[in-house]
Structure formats: structure tokens, C-alpha cells
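Colleague: A single structure is presented below for examination.
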Amino acid sequence: MLTKLRSLQSSDRSVSAWVITLVISMGIVLVLPEPELSRGLASYLPLHTTLEIIAIAVACMVFGIAWVTQKFQPSPKVIILGTGALTVLHLDITHTISYQGMPPFITPSGPEKAINFWLAARFMMALTLLFVACISYKVEQKLTKISRYFWLVLALIIVALFHIWFLYFPQSVPATFIPGEGLTSFKVITEYVLIGIYLFSGFLLIKQLSHVREFGVNWLVAAAVTMAMSEFFFTLYANVSDMYNLIGHVYKVIAFSFLYRGLFVETVQSPFINMLQLQAKLSATIDTLPDILVEVDAKGNHVEIHSSDPKLLIDKPENLVGKNIKQVMSKEAAKTCFEAMEVADKIGISRGARIKLNTQIGEHTFELSIARKASQAGNPPTFLILSRDISSTIEFEQQIAHEAKLNKHLLELQNHLHVGGEKHFMQHSVDTAENLTDSSIAFIHFIDETQKIIKIVTWSTNTLAHHCTANFENHYPIDQAGIWADSIRTKRPVVINNYQDSSAKKGLPDGHAYLKRFISLPVIENNKVTMMVGVGNKATDYNEQDVETLQILANTIWNLIKQRWQDTTIRRLSTGIDQNPYPVLITDTDGKIQYVNRAFTETTGFSEQEAIGKSPIEFSAENDPDKTFKGIWRQLARGEAWRGELISQRQDGSQYTEFAMIYPVRNEQGKIINYVAHKEDITLKKIAEEKIHQLSNYDQLTGLLKREMLEERLQQLLDDSFRQKQTMTVIWLDLDNFKTINDSLGHQVGDLILIEVANRLRFELGKQSIISRIAGDTFAAVLPATSEHSAAIISKKLLENIQRKIKFNSHALSVSTSIGLALSPNDGNSAVKLMMRAEAAMYRAKQDGRNSFRFFAQEMQEHSLRSLQLSAALKDALSNDQFHLVYQPQLSLTDNAIVGAEALLRWEHPEWGAISPAEFIPLAEQNGLIVKIGEWVLQQVATQQKQWLSKGLPEIIVAINISALQFHQQNLVERISNIIQEAGVSPSNIEIELTEAVALKDPEVAGKTIDALSQQGFKVSIDDFGTGYSSMSYLKRFAVHKLKIDQSFIKDIVTDIDDQAIVTAIIQMAHSLHKTTIAEGVETQEQLEFLKEKGCEEIQGYWYSRPLVTEQFEVFLTTNKSNKAVEVSVP
877 MLTKLRSLQS
887 SDRSVSAWVI
897 TLVISMGIVL
907 VLPEPELSRG
917 LASYLPLHTT
927 LEIIAIAVAC
937 MVFGIAWVTQ
947 KFQPSPKVII
957 LGTGALTVLH
967 LDITHTISYQ
977 GMPPFITPSG
987 PEKAINFWLA
997 ARFMMALTLL
1007 FVACISYKVE
1017 QKLTKISRYF
1027 WLVLALIIVA
1037 LFHIWFLYFP
1047 QSVPATFIPG
1057 EGLTSFKVIT
1067 EYVLIGIYLF
1077 SGFLLIKQLS
1087 HVREFGVNWL
1097 VAAAVTMAMS
1107 EFFFTLYANV
1117 SDMYNLIGHV
1127 YKVIAFSFLY
1137 RGLFVETVQS
1147 PFINMLQLQA
1157 KLSATIDTLP
1167 DILVEVDAKG
1177 NHVEIHSSDP
1187 KLLIDKPENL
1197 VGKNIKQVMS
1207 KEAAKTCFEA
1217 MEVADKIGIS
1227 RGARIKLNTQ
1237 IGEHTFELSI
1247 ARKASQAGNP
1257 PTFLILSRDI
1267 SSTIEFEQQI
1277 AHEAKLNKHL
1287 LELQNHLHVG
1297 GEKHFMQHSV
1307 DTAENLTDSS
1317 IAFIHFIDET
1327 QKIIKIVTWS
1337 TNTLAHHCTA
1347 NFENHYPIDQ
1357 AGIWADSIRT
1367 KRPVVINNYQ
1377 DSSAKKGLPD
1387 GHAYLKRFIS
1397 LPVIENNKVT
1407 MMVGVGNKAT
1417 DYNEQDVETL
1427 QILANTIWNL
1437 IKQRWQDTTI
1447 RRLSTGIDQN
1457 PYPVLITDTD
1467 GKIQYVNRAF
1477 TETTGFSEQE
1487 AIGKSPIEFS
1497 AENDPDKTFK
1507 GIWRQLARGE
1517 AWRGELISQR
1527 QDGSQYTEFA
1537 MIYPVRNEQG
1547 KIINYVAHKE
1557 DITLKKIAEE
1567 KIHQLSNYDQ
1577 LTGLLKREML
1587 EERLQQLLDD
1597 SFRQKQTMTV
1607 IWLDLDNFKT
1617 INDSLGHQVG
1627 DLILIEVANR
1637 LRFELGKQSI
1647 ISRIAGDTFA
1657 AVLPATSEHS
1667 AAIISKKLLE
1677 NIQRKIKFNS
1687 HALSVSTSIG
1697 LALSPNDGNS
1707 AVKLMMRAEA
1717 AMYRAKQDGR
1727 NSFRFFAQEM
1737 QEHSLRSLQL
1747 SAALKDALSN
1757 DQFHLVYQPQ
1767 LSLTDNAIVG
1777 AEALLRWEHP
1787 EWGAISPAEF
1797 IPLAEQNGLI
1807 VKIGEWVLQQ
1817 VATQQKQWLS
1827 KGLPEIIVAI
1837 NISALQFHQQ
1847 NLVERISNII
1857 QEAGVSPSNI
1867 EIELTEAVAL
1877 KDPEVAGKTI
1887 DALSQQGFKV
1897 SIDDFGTGYS
1907 SMSYLKRFAV
1917 HKLKIDQSFI
1927 KDIVTDIDDQ
1937 AIVTAIIQMA
1947 HSLHKTTIAE
1957 GVETQEQLEF
1967 LKEKGCEEIQ
1977 GYWYSRPLVT
1987 EQFEVFLTTN
1997 KSNKAVEVSV
2007 P
């Protein structure tokens, strides 16, 4: 196809060049004046006749080609063009003999007569081209059925009709030429009509060029265009013999040449080229066949030979042609060929016959496919033989058969190992080696660990029966062995196919098998020879297949016998492990159990089938088994053994404690392949140890710690509290007058009292404390992270709780106790000192009248006494109306206007006067009164706001400081909302203020509460910011709008660069989070200027205003009217 396209492109370029040349020539003729020399030529009759005869001859050739080729390649277009040319050539003949100056033909010759036949010929040519150009593919298929003789007869009829018309009825034809005047208008118009038909035909033919088309269409286009140019010249001449007439004839001759060229290409050149291409393609196909193609006659003589690889032939092809197959093949091969040819002669084809031939590269096997070739032109039939080289296939089939035989024997080896024992297995193995290699002798020997001694194992049955009668020691030194032992020395197979001619052979002992050829090869493991296998005296030479087969067999024999030895060893070990009284289990490297012994099943209750395949973690009863076993596996993966205690679960659900030792097992390459666990049920042992521990460290009556354990744990806590800078309290208790109870009611009652006191201590002190019975009626307790205030409150509660009546049987007794307290680090930093000083404080309590507590330090005693008094007075402070609020205004640094105020809670006691909030607020938090106080403050603020609004004061926002205890109440949002709603003020006027520590104690819960407050309309701010450990990730998620900078950073901000850095960082961070900052405790102009420079928005402190009572604040607010916020908090 590509070749055809290239030919078309080349042909198109040639046609285009011709047409362009003719167009340019026509232009030159029309532009240039007529040459003097050309004037006589136009009137020269012989020249006109010659040009017409040339055109007639070309038309005759066109018809001849068209007519002859129809027999071989019918084509309606071609026959129409050919018969059309026949019509034109007859009319042109009459035109020529009718030309002026020619003798009369039926009627006198003259210009009018010649022009009539000329026009008739041109119209026939134009219509023929137009008809051909209009024939579609479908129409062409229908026209194919019409005989070529129809077109011939039609052409002759048209010729006859034109002759009758012009010769016998010339008067009916319009005038075309007037002597002295030239051409008539009819003649000129007719010529232009012809030009139009030619050009339209050319246009239609050009459209065919855009499709896949015949070769000659482009030349038909050239013919149509050239004829149009020819007719154009015939519109210009003034008389029949001028120059334009002559050039018109020349163009006509050229046009007929193009027409001939097109038909020649279509009917002769193109088929011939196709034939050559097909012949070349067929030859290339035959030459590239991977098989040999031979043509022979019925007698077996070679006619033709094709082979892509001549080396596969018996001889060169030129030497084989003409020779009979009997001359070049063996009798057996020739006989097979003739038999196959007979079959092909009968049924047409024969397949599957195989022959062996000695080719130029050795003996090869061929498979024949023979077909009978039909006779041609009376010649006798021949046979085509396709000969395929199947030597590799034969070898592959033999290899497959050999491997199948080998695999069968390998499978049988396993059966013989299990059925007949080791001796039987080795005998069968050596016989198999002999059989697979077609040998007559064979042997197998083991090599000891030193690689110096051969252990004689066995010879084949055939060897012992027919070839070898020598006696050998069971152990044979390698250095005395012949070249058959070189496989041990070199660790490679040794193949000797001519033993007698070997220069390195050694003499064989009497009775040894006679050797012709042999193979001996080693089995190597860990770079040592463990076994050698040998075979010998095969009828033909040993080859690589024999070596490979023997090596595979040898490796299999060694692996099977080694596996048997390992199984025997494993059975011994398994028996020992299985009878081990302690549980043993083995896992793979993925932790899946592969083996458990009998003791495991007896201990756990799980059968072997239930345990195999599971992970040890499935039997665990640990609180966090994943964590425990991850640690175990990490240690084992490092190749380290693990020892420790595990809590496991039996099948019945009961739990037990076991001691486990787990270690990795490695193979010879050092890779971990298993893990082994040895276990021991130590439940009873643990119970006994726990009992001993209980007896040693715990009081058997009360269950409390003994003194020694208390001192040990106290010292540990002291070490930790010292690092964390925390206080700790030691309480020493001694029952008052307990000896009297023992003496009067007996020790049994005394024991019951001691037990009840111990229980009350546990209840009152909680799980965080450490309680001990020191001796008799003396107890001690350690309270971690407890201040003197808390210790005093706890001691008071202990006195009240222990003094409650104890009921037993019909008695009800009340006992009291004396308590001594010592605090670290002030009273000591060791367990011994603290306990001694707590005991000393207890004796002071007894001296002071019993049923009381005393601190070791007098100042603490005094402070604790005031704390107790204040704590008691707080309970009545609300009901006695002792609380009131004061307000401290806040200033905006942006516009110097009031933006709010902080309301501070004050307690005015009738006896003690003003109590500092720093003193009574912690007490209120400890005894829980802070919740009621906080709600009272909220009610007061809401009520005050309502009053301010009624007085016409500006609506302001009040912020309430919520304590930790109040904030973590579940119904906080609901209770605050109810109070505000009852007061009749808007939640948007209330701001809830939290300390940083409260907000971040439980960020998730705090965030939800803050969101709920914001959704209700309250504003939320963070107080004392910077004093805790803020989490920026939570802070940016809290719905707070203001951060208050603690006054501890403001106090020395002018001189302390650390405080400056902290305050600057807080302000910048607040700005990045789009929150407002306010600084408290601002007392100087310098502090104000620094804060203003750093961008702090608001301040409060004595510089602006002291806290004001309600009446004063109303005046201040009226004077500095602003719609800004007012902040109120509980100090």
C-alpha cells in the first residue's frame, strides 16, 4: 500500500508538471507575435496529415489496449474510453481525408466538410470523458455485466450515423466556416461548449483523485485539460491553415498521448507492478519461513528448495536441486518421505511424519507436512514438503520425560524412608541413582565433620551382586582414595568418561568394581561436604543432564536423611519436654503457638488443638495485655531473653499467676526462628508471699500499715515533695484513756474499738493518705500536699468523727483522741524527725487537756486556731449580711474613657473588723461556702444593674469571677441564667471571669462550658493571665474576649526586663488571637506609658481610681459617662 501511494504521488507530480508546461506554452503562444518562419508551416497539407495520423495512431493504441485487456481485467471505464477512442479515430480519419487540398471522398473535400467531422470527433471524445467521469462505483458494478461487444457495436453505429449525416445531408448542418471571413459564430460557440465539457470532465476526475483510485485517473485529467486548451486554439484561427490551427492539432496529439498513458498505466503497468510486488512478497514470505520448504516431483527429485537457514540442509540448495531424496537421505528417512507422499497423493495432505537427517551442523529431527500441488499446463503434479526442525522439541520432550521419571523416584524416596527405615532407604536411594543415570554401579558415602574420613554407607544392589567383591573398612581415609574422591577435595562434581586413560587415577583394590567412566559429586552444607554420591560404567558418556539429575537426587537424599535424624532428635526432645512437669510452649516469629506440652494443657485446661495457632496474649488476664506483650516482643526481637510474672486465665475463667522465661531460638545462620517459653504456676507461692508480706507489713487487727512501712513510704513521699516543693503533714493520734476501757471492758472490746477507729480514719482521710497503727491505741497518718489550714480542718473533723459513739452488743461508748501535727519541710525533712515531732505535738495536746490537736510549731497553732474561727464565722456571714461589694473603675488607653469597673468582695466582721479576701476566700473554697457566696455576688450585681438602669445611669457590662468549685458544677450555666433572668437584666451585660488555672484544669470540659455561656449571651474573660501554664492550642479555641494581665507582672515592669518581656509577649499573643488585654495593679505613670507603648488596650489600679463603694461609684460613673463595660469580680 505504501509503495502504491508513493507511485501515485510521483505520478501526480509528473502530470502536474506536464499540465503546467502546456499552460505556460499556451500563454507564450498567445502573447508573442507569430514568427515569420511558422507562416508557411500552417498551410502545409502533409504536416496536417502527419499530425492527424499520429493522433489516429494513438487513438488506435488506446482502443487496442482497452479491447485486449478486457479479457483479463474487465473494466467498464476502460472499454468505454477504448470504444470512444475508436469512434474518434474513424471520424478523425474522415476529417483528414476531407481536409482542403485532399481528393474527394464521396463528396468534394473542403473546410466545411472537414470541420463537421472534426467537431463530431471532438464531441464524441468530450462526451466519452464526461461519461467516464460520472460513473460511480455502483454504476460501474452494473456496467461490468455488459459485454465489450455492445460498446464496439455502439461505437460503429455512431460513426456510421455521423457519416450518413455529413456526407448525404450536409445542408442540414449549420455553417461553420465562410471563405474570406473565417469561422462562424456557431463554430466558435461549439468550440467553447467543448472546452466547458472537457474542463467539467477534468473537474469530476480530479474529485476522484481525493479517493483511493486507479493509477490512470490523473492522466485522464491531463488529457481533458489539454483537449480543452486544444479546442481554445481552434476558436482563434482565421483560416483553416493558420498557426493556431496547427498548434491546436499538436495539443490534440498530446492529449491523446495522455489518454493512452492513463489507460496503459491502468491496464498494463499497474497489473504488472502488482504482479511483481506479489511475486516479491511471496518470495520474501517463503524465504523468511522458519521451516524448510522443498518441492519434489513424484519420483522424489528436488525441484526447488527454500530455507532461511541453509545450514539445516543436507547440502547447499544448488547441489540438491535435481537430486533424488534417496541419494541424500538415509534409507529409513527416504522410506518415510515416500510413504508420506503416497498419503498426500491420495488425500491431498500428510502430517506428522518424522525423519532424522545429518545436516551441516549435525543430526537433527524434522517433522514433515506434505501437500500435493496441482499440475499446471499439462505438467505432472509435484509435492510441497514443509520440513520443521523439531530437534529442540524432541529434546524438551525427553527432558520432560526424564524429569517426570526423576520426580516419581523423588516421591518414592519419602515413602521408603518412612516404611523401611534408614538402611532400607539408603539402599533404595543408591539403586535409584544407578537407574536414573543408566549406570551399572553406584555408591553413597558420608563424610565426617573433620573432612578427612569417608564413612562407607552402601553400594547399589547390582554393584554388590555383579561388580564388587572387595571388603572395606567402614571408615576410609580420604587421602588414600582415588580420583573418584576429588569431588570431596574440590567440592565440585567430578566427571571422568575415559577412566583408563586418566593420568591421575590410582590403582583399585582387588575385588573393586572395574571402572570405565564415572561421576562422583558432593553434597555441601555450610561449606562442608556431608555426603558423596557416585555412579559409573554407563554405556555412553556421561553428560550435564546426568550430573544435574544425580545432584538433585543427592541433595534430596541428604535432606530426607537429615530430616529423619532431626525428627528423631526432636522426638527425643519432645518426649522430654512433653513430660516436663512445668508448662512449655513454642511459637513462631509471628507469635503463633506451634507446640504446647502436656503440663500446659493440664495447667490451663486448654487442649493442644485449642492452643495451636493462637497467640499467648489470648490467654492473658493482664489489665493491659497489649502493653505487656508489646514490651515482651520488643525485648525478644532484640534477641534478649525475658523473665517475669504474668497473670493468665484458665479455660474455666479462673486466673493464676505464672513465672515465665521466654527466649529466642536461632538457626545455624543466627536467624531467630522460634520463641520458647518455660512457665511455672506460682499462684500458691504468690499467695504465701502475700501472706508473709501482710504479716510483716500490716497490722493483723486493723489491716493498717505497720510503723516500718509507714516510715518507708513517708520517706519516699518526702523525697518527691522536696523536688516538687510541696508541703506534707504527719498526724499522730493517741486515744485518750484507752487503758481504762481495756481494763474495765476487756481486750475484746478494746480490739473492736481499735478496728472502728481504723475504719473512721480510712473514711475521713481518704485513699490519698497513708495510715498506720503504730502500737496499742496509737495511730499515725501522712497527708500529702496538705497545708496547715487544711491540716487543721481535717484534724477538727477527725476529733468530731472519732468522738461519735461506738455501738456494739448492748454497749455504746464514746472515745476521744489527742492529735499532734508536724509539717514538712518546716518541722523536718526526714520521716523519723517528722514522726517524732508529730508525737511531741500529740503529747502537748494531752497536756493541754486532751481531745484536741496541736501543731509542733506555736505560730502554726495560732494560725490554725484563727483559721478555724474564721471558717466557723463564714457560715453565718451571709445570713448576718456581713458581705458587701466595692467597685474599682477601669480605663481605656485608646480614648482615656472609663470602660468598666472591678467589684471586689469585702467581709466586715463585727468583732474582728475587715477580713482580707486572701484569708477568707481559701477557707470558703475549702468548706464549700464559695458556691453560695458566688451566687450571692451574682445576685447583688444583677440587682445593682437593675437599680442603675432605673436611675438613668448608662447600661454597663458586669464581669463575675467564678471559682473553680463553682465553675465545675454541672448546672452552672442554667443557674447563672436563672439568676440573671429573675433580676430582669440581659446576659449580654454579664461577663464571666475565670482564672487561667480553672480554665485549663480540664480544657475539654471548660471549652464546652465556655461555649455554652457564650451561646447564652454572656461574655467570658481569663483572669490572672500569665501566672499558670497556658496551652495556646486550647486558648485560641476558647470563646473568650479578654485577657487580664496579672498585677505581679506590672509591679516591677519599669525596671524588670523579664516582666517586660512577659507582658509584651502576652499583649502580642492576645492581638494575634484577636482578644483584648487589660492590666491590673497599675499605680504609676511610668507603668501606664509602658503599657500604652506596647499596645495594651485597658488598665485598672490606684493610678486611675481606688475601689469605690456603690454610692461613690455611681457618682464616678455619672461624671465619666460611657457605654463601655464594667467588670466585677470576687477578689
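Residue numbers (the working numbering): 877 to 2007. Ideal placement from N, C-alpha and C gives every residue a C-beta, glycine not left out.
Does DSSP classify G1789 as helix, strand or coil?
Modeller: Strand at G1789.
Colleague: Rounded to whole angstroms, what's the CA-CA distance from E1990 to I1933? Just pull it up for me.
Modeller: Using only the alpha carbons, I get a separation of about 39 angstroms.
Colleague: Which class does R1913 belong to by DSSP, given the choice of helix, strand or coil?
Modeller: Coil, per DSSP.
Colleague: Please list, in chain order, all residues of the same chain as Y1375 whose beta carbon is under 7 angstroms from its beta carbon, the five residues on each side excluded.
Modeller: K1381, L1391, K1392, R1393, F1394, listed in sequence order.
Colleague: Just grab the DSSP bridge partners of E1715 for me.
Modeller: Paired residue(s): none; E1715 is not in a bridge.
Colleague: Is the CB-CB distance between V954 and Y1136 below 8 angstroms?
Modeller: For V954 and Y1136, no; Cβs fall outside 8 angstroms.
Colleague: Taking the continuous beta strand (DSSP E) assigned at N1234, which residues delimit it?
Modeller: 1225-1235 is the extent of the beta strand (DSSP E) around N1234.
Colleague: Could you have a look at S892 and say whether DSSP puts it in helix, strand or coil?
Modeller: Three-state result, S892: helix.
Colleague: What is the DSSP secondary structure of G1546, counted as helix, strand or coil?
Modeller: Coil at G1546, not helix or strand.
Colleague: State yes or no: is the C-beta of I1926 within less than 8 angstroms of the C-beta of Q1961?
Modeller: Going by C-beta atoms, I1926 is not nearer than 8 angstroms to Q1961.
Colleague: Based on Cα-Cα distance, which residue from F1684, L1949, P1050, Q1679 lies nearest to S1728?
Modeller: S1728 has its Cα closest to that of Q1679, out of F1684, L1949, P1050, Q1679.
Colleague: CA-CA distance, P1193 and A1216?
Modeller: Answer to the nearest angstrom: the Cα atoms are 22 angstroms apart.
Colleague: Since K1722 sits in a beta bridge, which residues does DSSP pair it with?
Modeller: Answer is none; K1722 lacks a bridge partner.
Colleague: From I1558, V1093, I1548, S1496, pick the residue whose C-alpha is nearest to that of G1515; which is it?
Modeller: It is I1548.
Colleague: Which same chain residues end up closer than 6 angstroms to F1639 when comparing Cβ atoms and leaving out the 5 residues on each side of it in sequence?
Modeller: Correct list: empty, nothing qualifies.
Colleague: How should M1537 be labelled, buried or exposed, when 16 other C-beta atoms within 10 angstroms of its C-beta is the threshold for buried?
Modeller: It counts as exposed.
Colleague: Could you name the residues of the same chain whose beta carbon sits closer than 7 angstroms to that of K1808, not counting the 5 residues immediately before and after it, in chain order?
Modeller: Excluding positions up to five away in sequence, the list reads L1754.
Colleague: Determine whether the beta carbon atoms of T1102 and F1134 lie at a separation below 8 angstroms.
Modeller: Going by C-beta atoms, T1102 is nearer than 8 angstroms to F1134.
Colleague: Assign F1482 to buried or exposed, taking buried as 16 or more other Cβ atoms, counted over all protein chains shown, within 10 Å of its Cβ.
Modeller: It is buried - the Cβ of F1482 has at least 16 other Cβ atoms within 10 Å.
Colleague: Using the three-state DSSP reduction, which class does G825 fall into: helix, strand or coil?
Modeller: The requested residue 825 does not occur in the structure, where the chain is confined to residues 877 to 2007.
Colleague: Nearest CA to the CA of K1083: which residue from E1831, I1123, A1009?
Modeller: Comparing Cα positions, the closest option is A1009.
Colleague: Given a threshold of 16 other Cβ atoms within 10 Å of its Cβ, counted over all protein chains shown, does R1713 qualify as buried or as exposed?
Modeller: R1713 should be labelled buried.
Colleague: Taking the runs of the alpha helix (DSSP H) that are 4 residues or longer, which of them lie wholly in the stretch 1918-1999?
Modeller: Here the runs fully enclosed are 1933-1948, 1961-1970, 1986-1995.
Colleague: In the DSSP assignment, what are the bridge partners of W1783?
Modeller: According to DSSP, which records beta bridges pairwise, W1783 is partnered with F1759, I1791.
Colleague: Per DSSP, which residues does V1472 bridge with? Please list them.
Modeller: For V1472, which the question treats as bridged, DSSP gives the partners L1461.
Colleague: Quick one, are the C-beta atoms of L1262 and K1249 less than 8 angstroms apart?
Modeller: It is not a contact, given that the beta carbons lie outside the stated cut-off.
Colleague: My guess is that K1751 and L1805 are in contact by the Cβ rule of under 8 angstroms, so how many angstroms apart are they, rounded?
Modeller: K1751 to L1805, Cβ: 7 angstroms. Contact.
Colleague: From the DSSP output, in three-state form, read off E1171 for me.
Modeller: Strand at E1171.
Colleague: Just verifying my parser: in three-state terms, what is the DSSP assignment at D851?
Modeller: Nothing about residue 851 can be reported from this structure: the residues present for the chain run from 877 to 2007 only.
Colleague: From the DSSP output, which residues share a beta bridge with I1320?
Modeller: Bridge partners of I1320: T1334, V1409.
Colleague: Whole angstroms are fine: how far does the CA of K1895 sit from the CA of T1770?
Modeller: Those two C-alpha atoms are separated by around 21 angstroms.
Colleague: Find the nearest neighbour of L1096 within the set A961, L1028, I1975, judged by alpha-carbon distance.
Modeller: Checking every option, the nearest Cα to that of L1096 belongs to A961.
Colleague: Mind checking L1761: buried by the 16 CB within 10 Å criterion, or exposed?
Modeller: Answer is buried; the Cβ neighbour count reaches 16.
Colleague: Keeping to the same chain, check which residues put their C-beta closer than 6 angstroms to that of L1580; ignore five residues upstream and five downstream.
Modeller: Result list for L1580: A1634, I1647, S1648, R1649, in chain order.
Colleague: Among all the DSSP beta bridges, which residues are the ones paired with M1604?
Modeller: DSSP lists P1660, S1700 as partners of M1604.
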